[in-house]
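Before any comments, here is the structure.
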Amino acid sequence: QVKQEGKNNVFEYSLKKREEHARNALLERHLRTAVPNGELLLLYQPKLDLRAFETVGVEALLRWNHPTLGMIPPDEFIPLAERKGIIVDIGKWVLHRACSDIKALQQKGFASLHVAVNLSVIQLEKDDIVPVIADVLHLTGPAPRYLEIEITESAVMSKVEAVIEKLHALRDLKVSVAIDDFGTGYSSLSYLKRFPLSSLKVDKCFVHELGTQKADKTIAKAIIDLGHNLGLRVVAEGVETKEQLEILTAQECDEIQGYYISKPLELDNLEQFLLQKTDNETRSR
Ligand code: C2E
Ligand code: MG
Ligand code: MG
Ligand code: MG
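Heads up: the sequence shown runs through residues 148 to 432, numbered per full-length UniProt numbering.
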């Protein structure tokens with residue numbers, strides 16, 4: 148009996164592995180044509196400045212709308228795109244889309260709206276990333292200071308020195324650099340010293356239990372103070388409740404992002420969101 152079950156488990160395991168393999172192979176094949184087929188789209192999540200209580204910018208978040216598999220979240224295809232090098236072309240598309248969308252919004256009256264774009268380390272390690280970004284800005288039109296790139300520290304950053312040099316070149320262009328998911332994984336303190344950063348994003352894992360876990364409250368406050376002492380703006384992600392907003396306000400966090408403010412939105416809905424906010428603010432004055 149036991150032996151039988153063991154055998155079944157092994158069988159099921161290898162079946163599962165095979166299915167996973169098949170799905171990955173399929174995703175990879177389709178991912179190569181996702182850009183030309185127009186299957187990628189960007190959602191935009193507002194960033195709220197806590198002092199002004201205004202939306203100061205948005206973060207571009209990538210989605211893959213596959214014709215048969217439906218909407219695929221980035222966590223499922225970005226690691227694959229990175230392994231296969233497809234991320235470079237996808238990343239260019241993202242930069243292009245995000246910069247032209249922000250330019251369009253600026254022209255519609257949201258003149259000082261910023262856009263943040265997540266960049267893969269693979270992209271940053273490419274020799275031509277700085278001219279690529281400069282070209283995109285030139286072609287699409289927003290002033291470079293309205294573009295911020297978010298980087299997630301990762302184990303695979305092999306060319307640290309070269310990356311630091313490129314980040315300096317980006318800063319010379321006036322593009323801002325944020326470190327994402329701070330406090331988790333590989334985002335170590337030494338990078339704070341060596342990277343030319345403009346802001347730091349507190350990972351959502353410290354935000355989620357801000358109201359109930361004393362340790363998280365202490366950690367969030369420590370990260371906020373650390374960022375400020377280094378001259379950086381501090382952004383908290385994953386804010387889902389009023390209580391979290393209030394704690395972060397008391398802790399003097401600069402900006403927040405999260406479902407409590409807004410989910411990531413399609414461009415049209417973002418415009419509606421920005422209009423409503425402006426409306427409310429004008430009315431309450
Ligand atoms: P991230 O840059 O740290 O983005 C934050 C993630 O948290 C997003 O997930 C967002 O939808 C989600 N989020 C926002 N507010 C809340 C909240 O209140 N509660 C919770 N539980 N989650 C919230 P998403 O869109 O699935 O993206 C996941 C990750 O994929 C991103 O993490 C980023 O690292 C990566 N990514 C997204 N777009 C791109 C891209 O264009 N290029 C690259 N290289 N990576 C991207
Ligand atoms: Mg991000
Ligand atoms: Mg993050
Ligand atoms: Mg992340």
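Idealized CB from N, CA, C, for every residue including glycine.
Minimum C-alpha distance to residue i - residue among the options
i	options	result
residue 293	214, 418, 203 and 382	203
residue 207	242, 259, 347 and 336	242
residue 383	412, 410 and 352	352
residue 127	256, 177 and 199	Since the first residue shown for the chain is 148 and the last is 432, residue 127 is missing from the structure and cannot be characterised.
residue 318	274, 252, 296 and 166	296
residue 209	200, 277 and 185	185
residue 251	422, 188, 414 and 218	414
residue 339	305, 380, 281 and 168	380
residue 337	409, 225, 300 and 387	300
residue 280	371, 326 and 245	245
residue 438	182, 356, 249 and 328	The question about residue 438 has no answer here: the residues shown for the chain are numbered 148 through 432.
Any chain D beta carbon closer than 9 Å to residue i
i	result
residue 386	This model lacks chain D altogether, as it is built from one protein chain only.
Near ligand 3: residue i beta-carbon under 8 Å from a heavy atom
i	result
residue 401	no
residue 348	yes
residue 351	yes
residue 384	yes
Sheet register partners of residue i (DSSP bridge)
i	result
residue 348	382
residue 324	296
residue 233	None, per the DSSP bridge assignment.
heavy atom of ligand 1 below 8 Å from residue i C-beta
i	result
residue 241	yes
residue 370	no
residue 355	yes
(request) State whether the segment 233 to 240 contacts the segment 265 to 280, with contact taken as three or more CB pairs (one from each stretch) at a distance under 8 Å. (result) Under the Cβ criterion (8 Å, minimum of three pairs), the segment 233 to 240 counts as touching the segment 265 to 280.
(request) Take every Cβ of the segment 153 to 165, pair it with every Cβ of the segment 375 to 394, and state whether three or more of those distances are shorter than 8 Å. (result) Under the three-pair Cβ rule at 8 Å, the segment 153 to 165 does not count as touching the segment 375 to 394.
(message) Residues around ligand 2, please: the condition is that the C-beta lies closer than 6 Å to some non-hydrogen atom of it.
(response) Taken from the N-terminal end onward, the list reads 206, 265, 297 and 327.
(message) I'd like to know if the segment 166 to 177 and the segment 354 to 367 are in contact, where contact means that at least 3 CB-CB pairs between them fall below 8 Å.
(response) With the cut-off at 8 Å, the segment 166 to 177 and the segment 354 to 367 do not touch.
(message) Three or more C-beta pairs under 8 Å: does that hold for the segment 400 to 410 against the segment 189 to 196?
(response) Yes: at least three Cβ pairs fall under 8 Å.
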